[in-house]
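Enquirer: Below you will find the structure I want to go over with you.
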Amino acid sequence: MADLNTLHFLKGFTNARIAIGRTGTSIPVTESLDFKMAHAHARDAVYSSMDIPGLTAQLAPFNLPVIELHSMAADRAHYLQRPDLGRQLSTQSEDLLAGQITGFDVVICIADGLSALAIHENIAGLLDLLIPKLVHANFSLAPICLIQQGRVAIADGIAEQLQAKLSIVFIGERPGLSAADSLGAYLTYGPKRGLTDDSRNCVSNIRAAGLAHEPAASKIFYLIQEAFQRKLSGVLLKDNEGLLR
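Here the sequence shown stands for residues 2 to 246, where the numbers follow my numbering.
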């Protein structure tokens, strides 16, 4: 068995629980407490709520209208027990979108998903890098949609109603024991109700200790450009950026 002291340096490269040591036949008390704390953080993230007023204030500098929407999941319990409800807009939200101007290149959706913390920690910094790229490239942007109790596919119906050619939904990813603030971005070209995940491209683990905002924004922008050029997304759209030709 390898000496744990010789493996300890590896902890500097990952948040995974490695080289935790042992006390007799068990793990050290400190490691046990750290595990319980990480589990508590993950549980808190799942049950956290989006700060709508705070997020609206953070989004104000982008000079885009912000629309507050809600899925058919009435509360967190329904959201967790009925994933299908999180993919559909409530009747009130459908009616709200019906009164909006339509016809855009891109609609940006922000959903709490399984970690509102991920939204609070990452979305402003990420959009601060991404939106200028989209504007400079002359993409027309729909109002930003803030969705409570939302899942990835809810963006399909939103984009369909707003007649947007491509949807991006930023959503809090399922918390793990080493990360409760991980953000995912799902891109869909030609979004419409009924699409499945093979129609989407995903950029995941966006956070300070994962994929940083700058490379994440660059990757998302690259995929958007490729999607519009090829008029597709999902499994047919490969990330070839940086590959040797």
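Backbone N, C-alpha and C fix where the C-beta goes; we use that ideal spot for every residue, glycine too.
Is it buried or exposed, M51, if we count other Cβ atoms within 10 angstroms and call 16 or more buried?
Expert: M51 comes out buried.
Enquirer: Does the stretch 108-117 come close enough to the stretch 136-152 to have 3 or more Cβ pairs within less than 8 Å?
Expert: Because the criterion of three Cβ pairs below 8 Å is met, the stretch 108-117 and the stretch 136-152 touch.
Enquirer: Helix, strand or coil, according to DSSP, for E250 in the structure here?
Expert: Any question about residue 250 goes unanswered here, given that the chain covers just 2 to 246.
Enquirer: Using DSSP's beta-bridge definition, name the partner residues of T24.
Expert: DSSP output for T24 lists S27 as bridge partner(s).
Enquirer: Tell me G173's beta-bridge partners as DSSP assigns them.
Expert: Answer is L184.
Enquirer: Taking 8 Å as the threshold, find out whether the stretch 214-222 comes into contact with the stretch 151-159 through three or more Cβ pairs.
Expert: Counting Cβ pairs under 8 Å, fewer than three are found: no touch.
Enquirer: Answer with buried or exposed for D182, where buried requires no fewer than 16 other C-beta atoms within 10 angstroms of its C-beta.
Expert: D182 should be labelled buried.
Enquirer: How big is the Cα-Cα spacing for K239 and S116?
Expert: When rounded, the distance between both Cα atoms is 28 Å.
Enquirer: So, helix, strand or coil for D129, using DSSP?
Expert: Helix, per DSSP.
Enquirer: Enumerate, from N- to C-terminal direction, the unbroken beta strand (DSSP E) stretches of 3 or more residues contained entirely within the stretch 81-144.
Expert: Taking only runs of at least 3 residues, the beta strand (DSSP E) segments lying wholly in the stretch 81-144 are 105-112.
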